[in-house]
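Single-structure report; data block below.
In my numbering, the protein residues as written are 44 to 604.
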């Protein structure tokens, strides 16, 4: 085409929209490469185009929909500057970019994260950055001449195609992968923020913090006792104490104060940024979860490096179930083997169910079920742990058992199952490695901790018989437990079945007698008699033997999940 410009590509970092770079495309071969990628992205992300132009919040964007190849860098700089105002939080990170591709056929504006890749072309190994790739593209706005619709939307029916081409000369498409509020607002999907009054004054406190005062014009004079505006000198003085906080807006989303503080913690820990990247690559790829990272397909994603306050270590765990997570379980168990000052954080999308629970020195920040018994569980275990301080065996046991009980109140199945395995592995390991099988603990009746013999063998009338508190019949065993429980003054009791009351050594139960079916039957009998079964678990002390740990609560029916 004799050096004629047939397309233009503009790109710039979101944080520095003035650094616009422009590539003028004059070669048909290069244009075909760009067109092929744009078509693939649009076809994959959009099912059907719209004949109506989006209700853009920025007039400059509306005007840009009619731009031609004559557009220059200064105009694009102004456009990118306006668009960047609608990018909040992670969307404004240093690694995020804007790009505009304009041809005679279409206009394509997109927001993306440049990703690195490796090429082996012609025997040369080189690293390059992907600026146009469907895997790294986060948002886009697309305008296409209606004559070209058949080649971009091949699955449209003849009826739909005819209707589209009869209604408009151009069609539009908007894609917002993570549903961010700023982009919704830009494209008219999110209503404008409702200001209080006609006047909003933004006051600079520091380079990182502004204070915004919203008021009506007729009240401007009345607020001078608290907020003094010196508009001549462009200064403000604020004198307000103990004023109620009405709401929090975090990353463009409005929350009440309680939920907003949870969201702040969520973002501060780095969960939101991780989830955005994780979901970007997840799709239907296989996931392998490790303690410090996950592998999605062939993509390695590091887990957040944030830390819960005052914790020596914070372990981040995906909220969803993952088949390959054995390394995560083993490495996490090692972390709590001799350290209770550890936090566990669920990696998931945010909602108001996120909350923090402390069990002794352990802290869990995760999605919780709406269950009033959680407070009672916290109170019970924290009280017990405080009262046995210095008794290492009981302190460790109660920390691990407390986590196991808490798991039943966790909302996300994957997080619940993985934390349960970590706690159970730690508990098993501890009891399998107690020196000389001698447990230096004492029964503390006032706390609701009780030890009962499992199975002992004694010679009675010349015959060796099994004696002890345990009974292989779940019904008879439940009757013994209920009888004991009803004589206790505490509401919550922890039974250790398989530890002798007097000698405090093991009188274990064969593992084949306390399998899952035994636990399920036992829980059924106890629940029928008004006992909440918070935990019924086997802890192995050898390959053949184990003890039973029961955490029971008087009153109501317990629904296991």
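Positions of the beta carbon are idealized from the N, C-alpha and C atoms, including for glycine.
Owing to the predicted nature of the structure, the values given are computational and were not obtained by experimental measurement.
### Query
Three or more beta-carbon pairs under 8 Å between the stretch 182-196 and the stretch 157-165, yes or no?
no
### Task
With DSSP as the reference, label residue 303 as helix, strand or coil.
In the chain shown, residue 303 corresponds to position 260, counting from 1. Three-state DSSP puts residue 303 in a helix.
### Message
Can you give me the C-alpha to C-alpha distance between residue 526 and residue 496, rounded to a whole angstrom?
### Response
As a first step, residue 526 is located in the chain shown; it is residue number 483 there, counting from the start. As a first step, residue 496 is located in the chain shown; it is residue number 453 there, counting from the start. Near 16 Å, if we compare the C-alpha coordinates of residue 496 and residue 526.
### Message
Using 8 Å as the cut-off, can you tell me whether the stretch 328-338 makes contact with the stretch 424-441, which would need three or more C-beta pairs spanning the two stretches below that distance?
### Response
no
### Task
For residue 98, collect the residues of the same chain with a Cβ closer than 8 Å to its Cβ; drop the 5 residues on either side in sequence, then sort them by chain order.
The residue given as residue 98 occupies position 55 in the chain shown. Answer for residue 98: 230, 231, listed in chain order.
### Query
Among 279, 92, 460, 72, which residue has its Cα nearest to the Cα of residue 367?
For this step, residue 367 is matched to residue 324 along the chain shown. Minimum Cα distance to residue 367 is reached at 460.
### Message
Can you find the residues in the same chain that come closer than 7 Å, C-beta to C-beta, to residue 293, ignoring five residues on each side of it along the sequence?
### Response
Residue mapping note: residue 293 aligns to position 250 of the chain shown, counting from 1. Excluding residues within five positions, the ones whose Cβ falls inside 7 Å are 303, 306, 307, 310.
### Message
I'd like the list of long-range same chain contacts for residue 580, defined as Cβ closer than 6 Å, with 5 residues on each side in sequence excluded.
### Response
On the chain shown, position 537 is the one that residue 580 refers to. Only 592 meet the Cβ criterion.
### Query
If you draw a straight line from the C-alpha of residue 139 to the C-alpha of residue 445, how long is it?
Against the chain shown, residue 139 aligns to sequence position 96. Against the chain shown, residue 445 aligns to sequence position 402. Cα-Cα distance, rounded: 43 Å.
### Those runs of the alpha helix (DSSP H) which lie wholly inside the stretch 137-203 and span at least 4 residues
192-195
### Query
What separation, rounded to the nearest whole angstrom, lies between the Cα atoms of residue 436 and residue 519?
Taking the first residue of the chain shown as 1, we reach residue 436 at position 393. Taking the first residue of the chain shown as 1, we reach residue 519 at position 476. One C-alpha to the other measures close to 30 Å.
### Task
Tell me whether the beta-carbon of residue 407 lies closer than 7 Å to the beta-carbon of residue 387.
Here residue 407 corresponds to residue number 364 of the chain shown, with the count starting at 1. Here residue 387 corresponds to residue number 344 of the chain shown, with the count starting at 1. Yes.
### Message
Please tell me whether residue 172 and residue 157 are closer than 7 Å, where the distance is taken between their beta carbons.
### Response
Against the chain shown, residue 172 aligns to sequence position 129. Against the chain shown, residue 157 aligns to sequence position 114. The answer is yes: Cβ separation under 7 Å.
### Query
What residues in its chain sit with their C-beta under 7 Å from that of residue 155, if we drop five residues either side in the sequence?
Mapped onto the chain shown, residue 155 falls at position 112. 140, 142, 179, 180, 181, listed in sequence order.
### Inter-stretch contact (C-beta, 8 Å, three-pair minimum) for the stretch 556-566 and the stretch 501-512
no
### Task
Classify residue 513 as helix, strand or coil using the three-state DSSP reduction.
Translated into positions along the chain shown, residue 513 becomes position 470. Residue 513 falls in the coil class under three-state DSSP.
### Query
Would you report the Cα separation of residue 197 and residue 83, rounded to the nearest angstrom?
As a first step, residue 197 must be located in the chain shown, where it is residue number 154. As a first step, residue 83 must be located in the chain shown, where it is residue number 40. Residue 197 and residue 83: Cα-Cα distance of roughly 11 Å.
#### Entry: Beta-carbon proximity of residue 608 to residue 67, cut-off 7 Å
Nothing in the structure corresponds to residue 608, since the chain is present only between 44 and 604.
### Close beta carbons around residue 628, own chain, < 6 Å, minus the five adjacent residues each side
The displayed coordinates of the chain run from 44 to 604. Any statement about residue 628 would go beyond what the structure contains.
### Query
What's the call for residue 146, buried or exposed, on a 16-neighbour Cβ count within 10 Å?
Counting from 1 along the chain shown, the entry for residue 146 is found at position 103. Flag for residue 146 reads buried.
### Query
Considering only C-alpha positions, which residue in the set 100, 465, 329, 301 is nearest to residue 224?
Along the chain shown, one-based indexing puts residue 224 at 181. The shortest Cα separation from residue 224 among 100, 465, 329, 301 belongs to 100.
### Message
Suppose the cutoff is 8 Å on Cβ atoms and the five residues either side in sequence are ignored; what does the same chain contact list for residue 340 look like?
### Response
Taking the first residue of the chain shown as position 1, residue 340 is located at position 297. Only 324, 328, 329 meet the Cβ criterion.
#### Entry: Inter-residue CB distance, residue 389 and residue 410 (contact presumed, cutoff 8 Å)
For this step, residue 389 is matched to residue 346 along the chain shown. For this step, residue 410 is matched to residue 367 along the chain shown. Indeed, because the Cβ distance is near 6 Å, the residues count as touching under 8 Å.
### Message
Distance check for residue 577 and residue 443, CA to CA, integer angstroms please.
### Response
Position 400 of the chain shown, counted from the start, is the residue given in the question as residue 443. Position 534 of the chain shown, counted from the start, is the residue given in the question as residue 577. Their backbone Cα atoms lie some 14 Å apart in a straight line.
### Task
State the beta-bridge partners of residue 535 as determined by DSSP.
Counting from one through the chain shown, the residue named residue 535 turns up at place 492. Its beta-bridge partners are 596.
### Task
Check whether the Cβ atoms of residue 448 and residue 438 sit closer than 7 Å, and answer yes or no.
Within the chain shown, the letter at position 405 stands for residue 448. Within the chain shown, the letter at position 395 stands for residue 438. Contact: no.
### Message
Cutting at 8 Å between CB atoms, please list the residues of its own chain near residue 601, excluding the five before and the five after it.
### Response
On the chain shown, residue 601 is found 558 positions in, with the first residue counted as 1. For residue 601, the predicted structure reports a pLDDT of 39, less than 50, and the residue's modelled location is therefore unreliable. The matter cannot be settled from this model.
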